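Visitor: To start, I am sharing the structure in question, which I have written as structure tokens.
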Amino acid sequence: MISQPRSSFASANSARPNRTPNSPAAKPQGAQPFNSMRNFRGPSFPRVRTTIPTPATFGKKLRVMVVGGLEEIGRNCTILEYGDDIIIIDMGLQFPEEDMPGIDYIIPNMNYLKGKEKNIRGVIITHGHYDHIGGIPHLIPVLGYPPIYGLPLTNAIIKKRQEDYKGLRPLSIHNVNLENKLKLGIFEVEFFHLNHNIPDSMGIKVGTPEGVIIHTGDWKFDYQPVAGDAPADLQKIAKIGSEGVLALLSDSTNASQPGHQISESEIGTNLEDIIKKVPGRLIIGTFASLLSRIKQMIEIAEKAGKVVAIEGFSMKNNIEIA
Ligand SMILES: [Zn+2]
């Protein structure tokens, strides 16, 4: 049984930037001593560009609707709507709590899109974790099979999972690369690399007539990522920032806590200590989607002369896909 919770739309209609010019006092005064925090005004960010209404944009509003995934773990899904154009970012599921007997998982409530299916220009998936892709088999048919865009590993996991749901039409699914620019209706979509514990994780830049929306998916800045990954594309991120951003949608586990996450390679060192110290058999439980972490474990086990046995349906599938 699948539960659809009550809608949790957070509508940020046409969040327009402040048009009041900076007061003279707020202008940077050149190099200032840091001896008083009272004088420190922080870095100066460029003002967000605003567009002059045209016949194509007159009277239209940008709607940013977070249907799930903010301040909760699971069912990540964000809808952007401008006039007759809609794009969806991520379509995840949430696992039930202990007090939800009979519920297998929870999917985003898409009732808002009823009657607007023809306006959906595309579904963009930031990465292959189930809390970002798990709603696809349940929601894509209801939404009229809009095209899905993702990086290759993400798409491979989506396609493999789709095989478990018999009787569905084939997905319209398209590989993108980080240099691609997509035009989905009025939206201009670009991508940038971020670090996470599954390869092929990306952030999304969406150009709209109101300004640029950034959606990061799950992310961290890892300056020493595990082998095969590269650090987040800070240059591209800085360039996007310098051009002006209307809204940053960024929610990642523990992101609200101050400080810095340790690098995945440091986690690898800890794992190595543990795995090497155990004289006999060692059983490790982890999410099947933590593919970078699983890769680390297999490599460490190999170095320690241990034989690896993989157990679990999704675990076997994901490793085969990767
Ligand atoms: Zn994730």
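Mind the numbering: the sequence shown is residues 4 to 325 in the numbering used here, read in order.
All C-beta atoms in this analysis are idealised placements derived from N, C-alpha and C, irrespective of residue type, glycine included.
For clarity, every value in this text was computed on a predicted model and none was experimentally measured.
Just checking my contact of M205 with L154 at CB under 8 Å: how many whole Å lie between their CB atoms?
Guide: As a first step, residue 205 is located in the sequence shown; it is residue number 202 there, counting from the start. As a first step, residue 154 is located in the sequence shown; it is residue number 151 there, counting from the start. Indeed, because the Cβ distance is near 6 Å, the residues count as touching under 8 Å.
Visitor: Reducing DSSP to helix, strand and coil, say where R296 ends up.
Guide: Numbered from its first residue, the sequence shown carries residue 296 at position 293. Helix, per DSSP.
Visitor: Helix, strand or coil: how does DSSP classify R66 here?
Guide: Indexing the sequence shown from 1 puts residue 66 at position 63. Correct three-state label for R66: strand.
Visitor: What residue ranges within the stretch 88 to 157 form continuous alpha helix (DSSP H) runs of no fewer than 4 residues, ordered along the chain?
Guide: Listed in chain order, they are 133 to 136 and 139 to 142.
Visitor: Do you know how far the Cα of T60 is from the Cα of L197?
Guide: On the sequence shown, residue 197 is found 194 positions in, with the first residue counted as 1. On the sequence shown, residue 60 is found 57 positions in, with the first residue counted as 1. The alpha-carbon atoms of L197 and T60 are separated by roughly 32 Å.
Visitor: Please classify Y168 as buried or exposed, where buried requires at least 16 neighbouring CB atoms within 10 angstroms.
Guide: Position 165 of the sequence shown, counted from the first residue, corresponds to residue 168. Burial call: exposed.
Visitor: For the stretch 299 to 310 against the stretch 273 to 281, do three or more pairs of beta-carbon atoms, one drawn from each stretch, fall closer than 8 Å, so that the two count as touching?
Guide: Segments in contact, yes.
Visitor: Please classify E213 as buried or exposed, where buried requires at least 16 other C-beta atoms within 10 Å of its C-beta.
Guide: Looking up residue 213 in the sequence shown gives position 210. Buried is the call here.
Visitor: Output needed for L73: all residues of its chain with C-beta closer than 7 Å, excluding positions within five of it in sequence on either side, in chain order.
Guide: As a position in the sequence shown, residue 73 is number 70, starting the count at 1. Once the five neighbours on either side are set aside, the close Cβ partners of L73 are D254.
Visitor: K109 and R66: beta carbons closer than 8 Å?
Guide: Counting from 1 along the sequence shown, the entry for residue 109 is found at position 106. Counting from 1 along the sequence shown, the entry for residue 66 is found at position 63. Lys is not the amino acid found at residue 109; the sequence shown has Ile there. Taking 8 Å as the Cβ cut-off, I109 and R66 do not qualify as a contacting pair.
Visitor: How far does the beta strand (DSSP E) with E84 in it extend, from its first residue to its last?
Guide: Along the sequence shown, one-based indexing puts residue 84 at 81. Residues C80 to Y85.
Visitor: Can you tell me whether M103 is buried or exposed, with buried defined as 16 or more other CB within 10 angstroms of its CB?
Guide: Taking the sequence shown and counting its residues from 1, one reaches residue 103 at position 100. The residue is exposed, with fewer than 16 neighbouring Cβ atoms inside 10 Å.
Visitor: Taking 7 Å as the cut-off, is the beta-carbon of H218 closer than that to any non-hydrogen atom of ligand 1?
Guide: In the sequence shown, the residue the question calls residue 218 occupies position 215. No, the beta carbon of H218 sits no closer than 7 Å to any heavy atom of ligand 1.
Visitor: Among residues of its own chain, excluding the 5 on either side of P24, which ones have a beta-carbon nearer than 7 Å to its beta-carbon?
Guide: As a position in the sequence shown, residue 24 is number 21, starting the count at 1. Unreliable positioning characterises P24 in this predicted model, as indicated by a pLDDT of 37, which lies under 50. The coordinate reading is nonetheless provided below. Here the set comprises nothing.
Visitor: Less than 8 Å between the beta carbons of F194 and V179, yes or no?
Guide: In the sequence shown, residue 194 corresponds to position 191, counting from 1. In the sequence shown, residue 179 corresponds to position 176, counting from 1. Contact: yes.
Visitor: Do the CB positions of V209 and L83 come within less than 8 Å of each other?
Guide: The residue given as residue 209 occupies position 206 in the sequence shown. The residue given as residue 83 occupies position 80 in the sequence shown. Their beta carbons are under 8 Å apart, which means V209 touches L83 by this criterion.
Visitor: Leaving out five residues before and five after I265 in sequence, what residues of the same chain have Cβ atoms less than 8 Å from its Cβ?
Guide: One-based indexing of the sequence shown puts residue 265 at position 262. Around I265: no qualifying Cβ.
Visitor: Rounding to the nearest angstrom, what Cα-Cα distance links D236 and Y226 in this structure?
Guide: Within the sequence shown, the letter at position 233 stands for residue 236. Within the sequence shown, the letter at position 223 stands for residue 226. If I take the Cα positions, the gap works out to 10 Å.
Visitor: For a test of the three-state rule: what should DSSP assign to I207, helix, strand or coil?
Guide: The residue labelled residue 207 in the question sits at position 204 within the sequence shown. Strand at I207.
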